[in-house]
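Plus 113 on top of the position in the sequence shown (first one is 1) and you've got my numbering.
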Amino acid sequence: MYYKILIKISYHSAAHCVHKKYLQTATKPKNLMLLFGAFDIDNHYEHGKFLSGPSKIIIHDDWNPNDLRFTHDIALIILEEELNYSRFIRPICLISKDMEDNETEGVVVGWGKVQNSTKKYVRKPKKLNISITSNPACYRNNSEITKIAWEESFCAGKPGHGICRGDSGGGFFFKITNKFYFKGLVSSGTSLD
């Protein structure tokens, strides 16, 4: 099924993906390309891929790349061209306040580097089903997380499993009756042994 919907679209990412920690300047839109609809990112002929550059990158006003914490680690990327929704490229719903406390199981997907690998990414995405943990419980179980957390962040994970370097900027989402909802962005993490 193919939907012929054209819209000017924005993409959310972690601010540190476009303004690296401890660097004074952010990535310029002309130096960034976004790939949509990809599964195997090494397959240049994969059906459904769409490549677009941003026309504008908006980083949260309170993002500070010199801060040890990942406070306000969010950016909005406006694409320079319209995006066609397809079987491989779909919008996601934003979570509403009445759903906020009810959904504690979610999914993170990413192409981040896996442990002991020499490559910076994996060809095909890894999927991780994880649960949200209350921040006090999270801090008790892993005091390292207090060094990077801030008041508007939430903890999710499970012992022995977590995000990988390169998963930053990806979404934490959940599904209710065939609709996907976006709850937050992957910002940073620590080992959860």
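Where is the CB? At the ideal position from N, CA and C, for every residue including glycine.
These figures come from a predicted structure and were not determined experimentally.
Classification of Thr231 by the beta-carbon crowding that lies within 10 angstroms, buried from 16 upward: Exposed, by the Cβ-count rule.
Opening and closing residue of the beta strand (DSSP E) in which Val299 lies: Bounds of any beta strand (DSSP E) do not take in Val299, whose DSSP letter is neither H nor E.
CA nearest to the CA of Phe149, picked from Asp186, Gly223, Lys133 and Glu218: With distances taken between Cα atoms, Phe149 lies closest to Gly223.
Cβ separation of Phe183 and Ser300, assumed to be a contact under 8 angstroms, to the nearest whole Å: About 5 angstroms; that satisfies the 8 angstroms criterion.
Distance, Ala139 Cα to Ala128 Cα: About 9 angstroms.
Beta-carbon proximity list for Leu145, same chain, < 8 angstroms, skipping 5 on both sides: Here the set comprises Val131, Gly166, Pro167, Ile170 and Ile190.
Ala269: first and last residue of the uninterrupted alpha helix (DSSP H) it sits in: Premise fails: Ala269 lies in the beta strand (DSSP E), Cys268 to Gly270, not in any alpha helix (DSSP H).
Identity of the residue in Thr246, Val221, Phe287 and Lys292 nearest Gly279 by Cα: The shortest C-alpha to C-alpha distance from Gly279 to any of Thr246, Val221, Phe287 and Lys292 is the one to Val221.
Straight-line gap, Lys134 to Pro178 (C-alpha atoms, nearest Å): A straight-line Cα-Cα distance of about 4 angstroms links Lys134 and Pro178.
Same chain only: Cβ atoms within 6 angstroms of Phe293, ignoring 5 sequence neighbours per side: Excluding sequence neighbours, Phe293 sits near Ile205 and Phe286.
Helix, strand or coil at Asn144 according to DSSP, with G and I counted as helix: Reduced to three states, the DSSP call for Asn144 is helix.
For Val222, the first and last residue of its enclosing beta strand (DSSP E): Taken as a continuous stretch (DSSP letters only), the beta strand (DSSP E) holding Val222 covers Glu218 to Gly225.
Buried versus exposed call for Ile258 [16 or more other C-beta atoms within 10 Å across all chains shown]: Buried, because 16 or more other Cβ atoms sit within 10 Å of the Cβ of Ile258.
Sheet register partners of Thr231 (DSSP bridge): Per DSSP, none; premise fails for Thr231.
DSSP bridge partner residues for Thr246 (one or two, in chain order): DSSP lists Cys268 as partners of Thr246.
Selection from Leu298, Ile289 and Ala151 that minimises the alpha carbon distance to Arg200: Comparing alpha-carbon positions, the option among Leu298, Ile289 and Ala151 lying closest to Arg200 turns out to be Ala151.
N- and C-terminal bounds of the alpha helix (DSSP H) containing Ala188: That residue, Ala188, is in no alpha helix (DSSP H); its beta strand (DSSP E) goes Ala188 to Leu192.
Straight-line Cα distance separating Leu192 from Pro238: Taking the straight line from one Cα to the other gives about 23 angstroms.
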